[in-house]
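Below is one structure; the comments refer to it alone.
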Amino acid sequence: MQIIRDLATLRDAVATLRGAGKRIALVPTLGALHAGHIELVEEGARRADAVVASIFVNPRQFGAGEDLGRYPRRERADAQMLEKADCAILWAPAVETMYPQGYATNVSVSGVSEVLEGESRPGHFDGVATVVLKLLNQVGPDVALFGEKDWQQLAVIRRMALDLDLPSEIVGIPIVRDDHGLALSSRNAYLAEDEMVAARTLPRALGEAAAAIARGEPAAAALAAATTRLAEAGFTDIDYVTLRDAATLAPIDALGGAPARLLAAARMGPARLIDNLAVETKPAE
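Residue numbers (the working numbering): 247 to 531.
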């Protein structure tokens, strides 16, 4: 696996892969890799001939008071995981490489980025859209893979790719969870053992709410019950537990023809956790 830090070398390496007729997949990450990231790399290898993974802790997607300074950084261990997964290139640029002196361009996706996380973390999705567009331009992949745990992020990137006629296929990969159902996240490392146990209430509460809504019970009651259960488990700053159109993230109060998604964000101890589930109408018996 090549570890590359400058853009000219990256472009030469990608050109070499292209010259050999290889199809290329991109897996953008912030590092602190876990099994969920490796699933993206492995799926990329199934869809392409060579995988480029990026590790870049993007300052533009962290707001004031967020965890930019303490976000886990462990490139050596991450590189070992990627090499074991047969990643071809690790693209690990410095901040100065991504945002050189005088950098003045920002990408903003209206609508889908303005709700939920967009309300809780102003400017976050501008930073995400900007860095993802840069990565897509730098690597020029045939396919780019993103985890569905960050469902709204995936929706923003899909909207951007559609609006800007980007040629890369944008693929979402199902959430990878631990044995207790908790979505894998680099920020789980912030949790103490008792907080980790309590955090597992999040997927359980969402699962119960999704099942209730799918049975035809009122969505408002199911969402209120899930919110209460999270609070009782020790979650604080419960930003939202909500039922949304899966594509547009417009709020809905009942299942209809369009796919629906149940999304939540809340804080457990030092970590702000997010999760989501598809909600489908159960067939009549």
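Backbone N, C-alpha and C fix where the C-beta goes; we use that ideal spot for every residue, glycine too.
Beta-carbon separation (whole angstroms), residue i vs residue j, contact threshold 8 Å
i           : j           : result
residue 416 : residue 403 : 6 Å
residue 393 : residue 282 : 6 Å
residue 504 : residue 491 : 5 Å
residue 401 : residue 493 : 7 Å
residue 471 : residue 455 : 7 Å
residue 284 : residue 327 : 6 Å
residue 302 : residue 346 : That pair is no contact at about 14 Å.
residue 266 : residue 335 : About 13 Å separates the two Cβ atoms, so there is no contact after all.
residue 355 : residue 307 : So it is not a contact: roughly 13 Å between Cβ atoms.
For residue i, three-class secondary structure by DSSP
i           : result
residue 272 : strand
residue 510 : strand
residue 284 : helix
residue 417 : strand
residue 530 : The pLDDT assigned to residue 530 is 47, lower than 50, so where the model puts this residue is not dependable; a value taken from the coordinates is nonetheless given after this. Coil at residue 530, not helix or strand.
residue 251 : coil
residue 300 : strand
residue 522 : strand
residue 498 : coil
residue 487 : strand
residue 264 : helix
residue 310 : coil
residue 319 : coil
residue 429 : strand
residue 294 : coil
residue 423 : strand
residue 517 : strand
Neighbour-count burial assignment, residue i, 16 or more Cβ in a 10 Å radius
i           : result
residue 438 : exposed
residue 516 : exposed
residue 521 : buried
residue 435 : exposed
residue 395 : buried
residue 277 : buried
residue 249 : exposed
residue 407 : buried
residue 364 : buried
residue 478 : exposed
residue 556 : Only positions 247 to 531 of the chain appear in the structure, and residue 556 is not among them; the question remains open.
residue 380 : buried
residue 405 : buried
residue 262 : exposed
residue 558 : Examination of residue 558 is not possible in this model, given that the chain is present from 247 through 531 alone.
residue 316 : exposed
residue 319 : exposed
Same chain only: Cβ atoms within 6 Å of residue i, ignoring 5 sequence neighbours per side
i           : result
residue 361 : 495
residue 290 : 271, 273, 297 and 391
residue 530 : Its pLDDT being 47, under 50, residue 530 is placed unreliably by the model, and nothing is read from it.
residue 280 : 430
residue 468 : 455, 458 and 459
residue 453 : none
residue 329 : 247
Chain-order list of residues whose beta-carbon lies under 7 Å from that of residue i (same chain, five-residue window excluded)
i           : result
residue 305 : 314 and 341
residue 473 : 484 and 487
residue 352 : 372 and 376
residue 397 : 507, 509 and 522
residue 514 : 437, 441, 444, 445, 480 and 481
residue 526 : 460
residue 368 : 309
Close-in-space but distant-in-sequence residues of the same chain around residue i (CB under 8 Å, 5 per side omitted)
i           : result
residue 476 : 447, 448, 451, 484, 487, 510 and 512
residue 384 : 253, 256, 257 and 337
residue 387 : 270, 271, 272, 294, 298 and 414
residue 423 : 429, 430 and 449
Cutoff 8 Å: residue i Cβ touching any chain B Cβ
i           : result
residue 516 : In the structure shown, chain B cannot be found, because there is only a single protein chain.
Problem - Complete beta strand (DSSP E) runs within the region 328-394 (minimum length 3 residues, chain order) - result: The beta strand (DSSP E) runs of length 3 or more contained entirely in the region 328-394 are, from start to end of the chain, 335-337 and 389-393.
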